[in-house]
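S.K.: Here it is, the structure, as structure tokens.
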Amino acid sequence: MPLVHMKDMLEHARREGYAVGAFDVVGLEFLEAVMAGVEQAGAPVIISLAESHFEHYDFELLMAAVEAAAKRSPVPAAIHLDHGASLASAIRAINLGANGVMVDASNLPLDGNIERTRAIVDMAHGCDVPVEGELGYVAGVEGEDAEKHPGEVIYTSVEDASAYVAATGVDFLAVSIGTVHGRLRTKPRLDFDRLAAINEALGIPLVIHGGTGLADDQFRRLIANGVTKINYYTALADRAADAIREQAGADPGAGYTRLLSGTRAAIRDEVVRCCELWGSAGRAAALLDHCRPWTPVEHTILYNVEGLDENGVEAMMREGRAVLSGIPGVRRVFTGDAVTEDAPYRHCWLVQFASAAVIDSYREHPAHQRFANERFRPHAGDRVSIDFAERARDERCEDAPNEGGQSASGAAPG
Ligand code: 13P
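Each residue of the sequence shown is one higher than the last, beginning at 4 in our numbering.
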């Protein structure tokens, strides 16, 4: 299994008083090293992909690897879009496999931030995906991640945070209390009183950006005041770069693979250190018992066509693939033809939904309604439609009754 609902994960962390590491990955070595670290530590993990890093990798390709790594891992994992700039980014991330998204509209005035965040929350909740908002601004000081966050720190105010959370419905809030993205020049002064007041007022999981460089005692106080997710990147990038420099010095003739040979261990060891410090080490098994598995639904339609020739069928399927795959929560649209002549149905749609919630939000989506009513149903009166929930692959649950099972939804085809 263990891809799990991120909201269950962070609520458990909040109840039990620890924080889950949200490690930004920027390539396959990073992903493998982060997974090696959390697996060694027995810790849950949030695998984070920051939109500001997309210039370094192909998001679609890396997401496929991230999902495979999360699914085969023995530790509970969630996949998060970090610093998503727009509604379109959030939809794309969910459709590629993210089950948590962050809205970064903290550069906008409060009203604009609320408006953009609200739109993303409405969409994401329709897919059962939780949303992290940010209020205040965590600027960058030095290092490659700092450059992505220009400007000055703006502290989160308790009053604005309460208004923002009430107006947007975000599930988690990233707060600005003195941390910065990137490297630190000096030990930052963190406003713990402000954090305590925000925690008291909101009662939802809080997030800290700019985890790099904070002292052990600062992490402990953050967690004691409601922080359950710590974003961490620059230190991992710096450990990896140190390992490359060391290798280059010791082995001047090294090629690509030899230069990178020490990076995985360097990142892994830093991840283990963080999990131990933040209290997430050793929590994997207990957390799994508290988290719903994140499982897809296969929306299946078998049908025969009337009143369309072969070209018409092809055009209808092509249009459906284009239109339906952009609907929030749609992971994949497969159109197919029966392999044998005697099959009772000649064609199919297999539309994979990110979660069971998408059955309803997809059915009601205007793009789906239009396509189904105008292009599909008039030609496909002879059809059967069933939604299949994936059986959780957690072997420990093998003997337990399957609550998800399969359900006939009667959802509109297409
Ligand atoms: P650092 O790079 O300072 O660890 O911050 C990472 C972060 O907050 C990503 O969102």
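Backbone N, C-alpha and C fix where the C-beta goes; we use that ideal spot for every residue, glycine too. Remember, it's a predicted structure, so these values are computed and weren't measured experimentally.
Should Ser-328 go down as buried or exposed, given a rule of 16 or more other Cβ atoms within 10 Å for buried?
M.R.: Exposed.
S.K.: If you measure from the CB of Asn-234, is any heavy atom of ligand 1 nearer than 8 Å?
M.R.: Result yes, Cβ under 8 Å from ligand 1.
S.K.: Taking DSSP's pairing of strands, which residues face Cys-351 in a bridge?
M.R.: According to DSSP, which records beta bridges pairwise, Cys-351 is partnered with Leu-305, Gly-339.
S.K.: Which class does Lys-232 belong to by DSSP, given the choice of helix, strand or coil?
M.R.: It is a strand residue.
S.K.: Measuring only the C-alpha atoms, how far is Met-12 from Pro-79?
M.R.: Those two C-alpha atoms are separated by around 8 Å.
S.K.: Skipping 5 residues on each side, what residues in its chain have a beta carbon closer than 6 Å to that of Asn-234?
M.R.: Closer than 6 Å at Cβ, skipping near neighbours: Ala-25, His-212, Gly-214.
S.K.: Tell me whether Ala-251 is buried or exposed, calling it buried when 16 or more other Cβ atoms sit within 10 Å of its Cβ.
M.R.: It counts as exposed.
S.K.: Helix, strand or coil for Gly-384, going by three-state DSSP, please let me know.
M.R.: If DSSP states are grouped into helix, strand and coil, Gly-384 belongs with coil.
S.K.: What's the gap between the Cα of Arg-334 and the Cα of Thr-189?
M.R.: Arg-334 and Thr-189: Cα-Cα distance of roughly 45 Å.
S.K.: Please work out which residues of its chain come closer than 7 Å, Cβ to Cβ, to Ala-199, disregarding the five sequence neighbours upstream and downstream, and give them in chain order.
M.R.: Around Ala-199: Asn-228.
S.K.: Taking 8 Å as the cut-off, does the CB of Asp-85 come closer than this to any heavy atom belonging to ligand 1?
M.R.: Correct: Asp-85 has its Cβ closer than 8 Å to ligand 1.
S.K.: Over the uninterrupted beta strand (DSSP E) stretch that includes Ala-81, give me the two end residues.
M.R.: Taken as a continuous stretch (DSSP letters only), the beta strand (DSSP E) holding Ala-81 covers 80 to 87.
S.K.: Below 8 Å on the Cβ atoms is my guess for Gly-45 versus Ala-287; work out the distance and round it to an integer in Å.
M.R.: Contact holds; Cβ gap of about 5 Å.
S.K.: Where do the N-terminal and C-terminal ends of the beta strand (DSSP E) with Ser-51 fall, by residue?
M.R.: Looking at the DSSP string, the run of the beta strand (DSSP E) that includes Ser-51 is 48 to 53.
S.K.: Residue range of the alpha helix (DSSP H) that Asp-292 falls in?
M.R.: Where Asp-292 is concerned, the enclosing alpha helix (DSSP H) stretches over 287 to 293.
S.K.: Per DSSP, what kind of secondary structure is Glu-58 in: helix, strand or coil?
M.R.: Correct three-state label for Glu-58: helix.
S.K.: Among residues of its own chain, excluding the 5 on either side of Arg-421, which ones have a beta-carbon nearer than 6 Å to its beta-carbon?
M.R.: Here the chain covers residues 4 to 417 and nothing more, so residue 421 does not appear.
S.K.: Under 8 Å: do the segment 72 to 89 and the segment 103 to 114 share three or more Cβ pairs, one atom per stretch?
M.R.: Because the criterion of three Cβ pairs below 8 Å is met, the segment 72 to 89 and the segment 103 to 114 touch.
S.K.: Are the beta-carbon atoms belonging to Ala-246 and Gly-265 less than 9 Å from one another?
M.R.: Cβ atoms of Ala-246 and Gly-265: closer than 9 Å.
S.K.: What's the C-alpha gap between Phe-337 and His-59?
M.R.: Their backbone Cα atoms lie some 30 Å apart in a straight line.
S.K.: Using CA atoms only, rank isn't needed, just tell me which of Gly-332, Leu-111, Gly-154, Leu-263 is closest to Ala-91.
M.R.: Considering only alpha carbons, the answer is Gly-332.
S.K.: Within 10 angstroms of its Cβ, does Gly-20 collect 16 or more other Cβ (buried), or is it exposed?
M.R.: By the neighbour-count rule (16 or more Cβ atoms within 10 Å), Gly-20 is not buried but exposed.
S.K.: Could you check what DSSP says for Gly-323 in three-state terms: helix, strand or coil?
M.R.: In this structure, Gly-323 counts as helix in the three-state DSSP scheme.
S.K.: Whole angstroms are fine: how far does the CA of Arg-380 sit from the CA of Gly-146?
M.R.: Taking the straight line from one Cα to the other gives about 56 Å.
S.K.: For Arg-121, does the three-state DSSP call read helix, strand or coil?
M.R.: Looking at Arg-121 - three-state DSSP - the assignment turns out to be helix.
S.K.: Around the C-beta of Asn-116, are 16 or more other C-beta atoms found within 10 angstroms, so that it is buried, or is it exposed?
M.R.: Result: buried.
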